[in-house]
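Remarks on the structure that follows.
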Amino acid sequence: MHITMQGIYKAFGTNQVLTGVDFELKEGEVHALMGENGAGKSTMMNVLTGLHSLDKGKISIDGKETYFKNPKEAEQAGVTFIHQELNIWPEMTVLDNMFIGKEPKNAFGLVDSAKMKRLALEQFNRLDVSLPLDKEAGSCSVGEQQMIEIAKALMTKAKVIIMDEPTAALTEREIQKLFEVISSLKKEGVSIVYISHRMEEIFAICDRITVMRDGKTVDTKPIPETNFEEVVKKMVGRELTDRFPKRNSKIGETVLEVKNLTGKAFRDVSFSIRSGEIVGVSGLMGAGRTEIMRGIFGLDSLESGEVILNGKKVTIKNASQAVNLGIGFITEDRKDEGLVLDFSIKDNIALPSLNSFAPKGLIKEKDETNFVEMLIKRLTVKTESAETRVGDLSGGNQQKVVIAKWIGISPKVLILDEPTRGVDVGAKREIYQLMNELTDRGVAIIMVSSELPEVLGMSDRILVVHEGKITGELPKESATQENIMTLATGGQ
Amino acid sequence: MKANNEVLQNKGNLLQSITQKLGPFLGLLILVVFVSVMNPSFLEPLNILNLLRQVSINALIAFGMTFVILTGGIDLSVGAILALSSALTAGMIVSGIDPMLAILIGALLGAIFGAVNGLLITKGKMAPFIATLATMTLFRGFTLVYTEGNPITGLGDNILFQLFGRGYFLGIPVPAVTMIVTFVVLYILLHKTPFGRKTYAIGGNEKAALISGIKVPRVKVLIYSLSGFLAALAGAILTSRLNSAQPTAGESYELDAIAAVVLGGTSLSGGKGRIFGTMIGVLIIGVLNNGLNLLGVSSFYQQVVKGIVIIIAVLLDRKKSA
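Chains as they are written, first to last, in this note's numbering: chain A, 11 to 502; chain B, 144 to 465.
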């Protein structure tokens with residue numbers, strides 16, 4: 011199968027994700043697709059398989075213009091997408107998961123489980139997977155679930171398989187097996203689109219590479235004609251404009267220090283942060299950045315390590331203790347963890363500081379309203395009334411409400427996880443401005459971000475996390491997108 | 144266009160919030176008008192006072208249930224807690240403890256039984272439905288073991304104790320006074336204190352509540368304790384009225400309480416609802432029972448009518464929020 015995509019445009023609302031992408035996939039090649047988070051890789055593949063319709067552009071398959079209406083149609087035509095977010099029904103068995111919606115039937119119209127087992131085992135043997143077929147899929151490791159998805163895709167007799175970060179959760183042995191399968195698929199003439207952040211893998215198994223940036227194709231080259239450095243440069247090579255307000259950091263004493271923190275998804279993490287400082291935490295998705303923050307904030311339990319706040323060792327067992335110690339946590343998923351969507355702006359902002367409005371047990375509504383009005387003004391939340399339901403606000407305004415809620419506790423340390431995700435450019439700058447104001451007042455800010463320009467534009471110091479470990483600490487002066495990317499992908 | 148939409152939406156919201164607040168009240172009004180037209184003696188003061196006394200037990204239980212349901216939980220054990228604490232209270236009185244002290248201890252025991260529910264749900268990470276289904280059976284079992292299946296009688300003639308279920312205060316039945324005072328206290332607790340706000344926050348988004356530093360497990364344990372406490376208080380009223388403790392007391396009371404909460408417009412998924420609505424819901428059920436009796440409808444048909452009313456009320460509520 012030979013696929014060409016030309017001049018593809020796709021926008022979600024006002025968010026223009028693809029702006030004229032070109033892509034070509036030849037028969038029997040393994041084609042790497044690289045780019046920063048948000049560059050448009052997954053969107054482009056979703057347009058190809060019909061999950062999203064395209065706004066403009068042309069897709070041809072074997073010389074004939076073809077537009078799939080939905081992923082099912084694509085699959086029937088031989089184009090299968092293994093998504094990064096796995097489609098697993100956790101309560102069902104491994105076997106049922108593999109055949110969901112396409113169970114083979116016997117002569118009586120009943121599910122033919124003997125045939126299902128035979129087909130499933132065929133693929134498991136090929137992948138060298140020894141999972142019991144009657145195991146509950148939810149109790150499998152993420153890696154095992156990934157293998158289920160891969161086996162499922164192989165069963166469809168696909169001619170094109172798109173893999174989005176397939177190795178993110180696999181063990182070394184599983185990865186080796188996957189690579190063997192990929193090379194045997196290639197010999198059978200199957201084409202593979204391999205989306206990954208892992209440079210080593212790409213250079214080991216891919217034939218060609220396409221780099222995307224900001225919704226455009228930057229370049230396509232055969233692997234032997236390029237190298238690690240060139241790819242990284244192309245991925246990140248954009249000018250830093252004045253999207254970031256100027257920082258005049260006045261850095262003071264150490265506020266928070268963590269020593270040898272170890273948890274489920276990270277180990278031996280040590281760093282410190284001083285008052286008035288912004289420390290950027292960079293790394294790929296799934297590197298363990300959020301987990302480290304959750305551990306510090308007491309949401310996940312720590313296996314070992316120390317947290318020292320203002321020179322005193324503290325044990326934070328739950329979020330309530332963290333809040334009382336003056337730590338705020340703006341989580342990456344504001345709808346799921348940051349806000350009570352059915353609450354008004356006022357109720358959301360007041361939530362962590364409720365007790366302070368009720369010195370004698372009853373909430374002093376006037377104090378509360380004044381406090382909330384002040385924060386709404388200070389953060390320029392665009393709303394007619396503090397009683398507006400938060401769920402009705404735009405993403406940027408919702409994010410301001412989350413930030414307001416934490417400013418309300420007068421934090422000493424503020425953890426921001428992806429503070430500008432899903433926020434438009436204007437609101438982004440306001441949020442940066444606010445971060446500067448807070449550090450001017452001596453707040454220490456830890457900013458986890460997947461956006462490299464943001465990390466470089468706002469941080470005084472940058473920590474890079476790779477597979478649960480801090481692989482580097484870069485002062486602002488010597489940090490570049492290239493050396494952060496190198497550390498984040500496990501390079502030297 | 145967009146601005147227009149927003150205005151429309153705001154108007155819609157306003158309308159919706161009015162019907163949401165007044166919906167159950169309108170239902171009650173229609174019901175009262177209907178019953179009093181059919182039988183004017185419904186509106187006689189004596190009947191109204193009688194009605195208030197009749198609903199007080201369900202009201203107390205339903206108040207606690209409102210808090211529980213607002214957090215997204217459910218408490219099926221309230222009827223069993225009522226029976227067990229009543230039996231223990233009666234037992235204490237028979238053994239010579241001052242009846243009013245016995246009521247107090249009984250209510251505190253109710254709170255402890257409720258705390259057991261709360262701990263199973265928070266520490267044991269059990270689903271509220273399952274946890275309280277199990278303790279419902281457990282507490283009912285304890286009651287039967289303790290009473291050996293027989294009513295506890297011979298509760299003496301302490302005047303205060305008798306007043307608690309049967310007396311009048313300024314012409315109003317004491318149980319109704321207890322209900323009104325409890326309503327006011329709980330209304331303030333729910334709408335004017337951090338505790339109330341936290342209750343809503345947990346039901347609205349438990350994760351966000353937790354990350355905001357709310358001690359979610361503690362709030363939940365307190366709420367289930369409150370539910371148990373109120374069930375035991377209702378039990379004390381019943382014991383005083385019957386002048387005995389019945390081992391089968393309070394059977395299926397949890398369902399009447401849940402029905403009242405739902406009729407009052409509180410969402411079973413948590414986060415939305417008001418205790419005022421529950422009061423209305425309790426009155427709707429009370430007027431139905433009382434009115435249908437006055438109209439001479441057989442108790443078999445009464446069940447049918449109650450079921451239909453609940454279905455209609457919830458269907459109307461769905462339409463409103465859709």
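The C-beta atom is built at its ideal place from N, Cα and C for all residues, glycine as well.
| Contact the region 230–240 of chain B vs the region 293–301 of chain B: 3+ CB pairs below 8 Å | yes
Near residue 386/A, which residues of its chain fall below 8 Å by C-beta distance, leaving aside the five closest residues on each side in sequence?
-> Position 376 of the first sequence holds residue 386/A. The answer, listed in chain order, is 355, 359, 393, 396, 414.
### Message
Between the alpha carbons of residue 120/A and residue 113/A, how many angstroms are there, rounded?
### Response
Residue mapping note: residue 120/A aligns to position 110 of the first sequence, counting from 1. Residue mapping note: residue 113/A aligns to position 103 of the first sequence, counting from 1. Computed Cα separation, rounded: 9 Å.
Q) By the criterion of Cβ-Cβ separation under 7 Å, what are the contact partners of residue 361/A in chain B? A) In the first sequence, the residue the question calls residue 361/A occupies position 351. In chain order: 344, 355.
Original post:
Quick one: does residue 301/A have its CB under 8 Å from some CB of chain B?
Top reply: Taking the first sequence and counting its residues from 1, the one referred to as residue 301/A is at position 291. No, no contact with chain B.
Exercise. Would you report the Cα separation of residue 146/A and residue 98/A, rounded to the nearest angstrom?
Worked result: What you label residue 146/A is simply residue 136 of the first sequence in a count that begins at 1. What you label residue 98/A is simply residue 88 of the first sequence in a count that begins at 1. Roughly 10 Å separates the two Cα atoms.
Checklist line | Neighbourhood of residue 26/A by C-beta, 7 Å cutoff - its chain only, sequence neighbours within 5 removed | finding: One-based indexing of the first sequence puts residue 26/A at position 16. Taken in chain order, the residues that qualify are 225.
Under the three-state DSSP convention, the category residue 350/A falls into: Numbered from 1 along the first sequence, position 340 holds the residue referred to as residue 350/A. It is coil, neither helix nor strand.
Cβ pair residue 413/B, residue 215/B closer than 8 Å: For the purposes of this step, residue 413/B is taken as the residue at position 270 of the second sequence. For the purposes of this step, residue 215/B is taken as the residue at position 72 of the second sequence. Taking 8 Å as the Cβ cut-off, residue 413/B and residue 215/B qualify as a contacting pair.
Show which residues of chain A have a CB atom less than 9 Å away from the CB atom of residue 209/B. On the second sequence, residue 209/B is found 66 positions in, with the first residue counted as 1. Per Cβ cutoff of 9 Å: no residues; residue 209/B is ~17 Å from chain A at best.
Please state whether DSSP places residue 249/A in a helix, a strand or coil. Residue 249/A sits at position 239 when you count from the first residue of the first sequence. With a pLDDT of 47 at residue 249/A, under the threshold of 50, the modelled position of that residue is not reliable, and no figure is offered here.
Q) With distances taken from CA atoms, which of 454/B, 384/B, 371/B is nearest residue 210/B? A) Indexing the second sequence from 1 puts residue 210/B at position 67. Selected option, being the one with the closest Cα: 371/B.
**Asked** Taking the continuous beta strand (DSSP E) assigned at residue 202/A, which residues delimit it?
**Response** Here the question's residue 202/A lines up with position 192 in the first sequence. 201–205 is the span of the beta strand (DSSP E), which, as asked, contains residue 202/A.
Query raised in the report: Hey, does residue 329/A have any beta-carbon neighbour from chain B nearer than 8 Å?
Result: As a working note, residue 329/A is residue 319 in the first sequence. Closer than 8 Å to some Cβ of chain B, the Cβ of residue 329/A qualifies, so yes.
(request) Just mark residue 311/A as buried or exposed, buried being the case when its beta carbon has 16 or more other beta carbons within 10 Å. (result) As a working note, residue 311/A is residue 301 in the first sequence. Residue 311/A should be labelled exposed.
Check: If you drop the 5 nearest sequence neighbours on each side, which residues of the same chain put their C-beta closer than 8 Å to that of residue 323/A?
Finding: Along the first sequence, read from residue 1 onward, the residue named residue 323/A stands at position 313. Excluding positions up to five away in sequence, the list reads 316, 317.
* Asked: Which stretch, first to last residue, makes up the beta strand (DSSP E) that contains residue 144/A?
  -> By 1-based counting over the first sequence, the position of residue 144/A is 134. Run containing residue 144/A: none; DSSP gives neither H nor E here.
*Reducing DSSP to helix, strand and coil, say where residue 431/A ends up.*
Locating residue 431/A in the first sequence gives position 421, counting from the first residue. In the three-state reduction of the DSSP assignment, residue 431/A falls in the coil class, being assigned neither a helical nor a strand state.
Classification of residue 446/B by the beta-carbon crowding that lies within 10 angstroms, buried from 16 upward: Along the second sequence, one-based indexing puts residue 446/B at 303. Exposed is the label assigned to residue 446/B, since fewer than 16 other Cβ atoms lie within 10 Å of its Cβ.
- Rounded straight-line distance, which links the Cα of residue 46/A to that of residue 360/B: As a first step, residue 360/B is located in the second sequence; it is residue number 217 there, counting from the start. As a first step, residue 46/A is located in the first sequence; it is residue number 36 there, counting from the start. Roughly 40 Å between the two C-alpha positions.
Requested in this report: Consider the Cβ of residue 353/A: report whether some Cβ of chain B lies at a distance smaller than 8 Å.
Outcome: Here the question's residue 353/A lines up with position 343 in the first sequence. Answer yes: the Cβ-Cβ gap between residue 353/A and chain B drops below 8 Å somewhere.
*Taking only beta-carbon positions, decide if residue 293/B is within less than 8 Å of chain A.*
Mapped onto the second sequence, residue 293/B falls at position 150. For residue 293/B, the answer is no, since every Cβ of chain A falls outside 8 Å of its Cβ.
Closest residue to residue 278/B among 323/B, 175/B, 261/B (Cα-Cα distance): What you label residue 278/B is simply residue 135 of the second sequence in a count that begins at 1. Comparing Cα-Cα distances from residue 278/B to each of 323/B, 175/B, 261/B, the minimum goes to 261/B.
Practice task
Assuming residue 184/B and residue 190/B form a contact by the criterion Cβ under 8 Å, report the distance between their Cβ atoms to the nearest whole angstrom.
Solution key: Residue 184/B sits at position 41 when you count from the first residue of the second sequence. Residue 190/B sits at position 47 when you count from the first residue of the second sequence. Confirmed, Cβ separation roughly 6 Å.
Query raised in the report: If the cut is a Cβ gap below 8 Å, which residues of chain B does residue 368/A touch?
Result: Locating residue 368/A in the first sequence gives position 358, counting from the first residue. Per Cβ cutoff of 8 Å: 336, 337.
*Looking at C-alpha atoms only, which residue of 285/A, 442/A, 279/A is the closest neighbour of residue 303/A?*
Residue 303/A sits at position 293 when you count from the first residue of the first sequence. Nearest of 285/A, 442/A, 279/A to residue 303/A, Cα basis: 279/A.
Query raised in the report: Grouping DSSP H, G and I as helix and E and B as strand, with all else coil, what is residue 25/A?
Result: Counting from 1 along the first sequence, the entry for residue 25/A is found at position 15. If DSSP states are grouped into helix, strand and coil, residue 25/A belongs with the strands.
Could you compute how far the alpha carbon of residue 361/A sits from the alpha carbon of residue 341/B?
For this step, residue 361/A is matched to residue 351 along the first sequence. For this step, residue 341/B is matched to residue 198 along the second sequence. Roughly 8 Å between the two C-alpha positions.
* Asked: On the three-pair Cβ rule with 8 Å, is the region 339–353 of chain B touching the region 192–206 of chain B?
  -> In this structure the region 339–353 of chain B does not lie against the region 192–206 of chain B, because fewer than three pairs of beta carbons, one per stretch, are closer than 8 Å.
Would a check of beta-carbon distances place residue 249/A closer than 8 Å to chain B? Translated into the one-based positions of the first sequence, residue 249/A becomes position 239. At residue 249/A, the pLDDT of 47 sits below 50, so the modelled position is not reliable; the number obtained from the coordinates is stated separately. Using a Cβ-Cβ cut-off of 8 Å, residue 249/A does not count as an interface residue toward chain B, since no Cβ of chain B sits closer than that to its own.
Proximal residues of chain B, C-beta to C-beta of residue 348/A below 8 Å | By 1-based counting over the first sequence, the position of residue 348/A is 338. Result: 351, 354.
Checklist line | Option in 377/A, 495/A, 22/A with minimal Cα separation from residue 460/A | finding: Taking the first residue of the first sequence as position 1, residue 460/A is located at position 450. The residue with the shortest Cα to Cα distance from residue 460/A is 495/A.
When the cut-off is 8 Å and only beta carbons count, does residue 411/A lie next to chain B? As a working mapping, residue 411/A is identified with position 401 in the first sequence. No, because no Cβ of chain B sits closer than 8 Å to the Cβ of residue 411/A.
Practice task
Provide the residue(s) that pair with residue 173/A in DSSP beta bridges, ordered along the chain.
Solution key: Counting from 1 along the first sequence, the entry for residue 173/A is found at position 163. 92/A, 204/A.
Residue environment, residue 56/A, which counts as buried when at least 16 other CB atoms sit within 10 Å
Taking the first sequence and counting its residues from 1, one reaches residue 56/A at position 46. Residue 56/A should be labelled buried.
- request: Could you confirm whether any beta carbon from chain B is found closer than 8 Å to the beta carbon of residue 88/A?
  value: The residue given as residue 88/A occupies position 78 in the first sequence. No, its Cβ sits nowhere closer than 8 Å to a Cβ of chain B.
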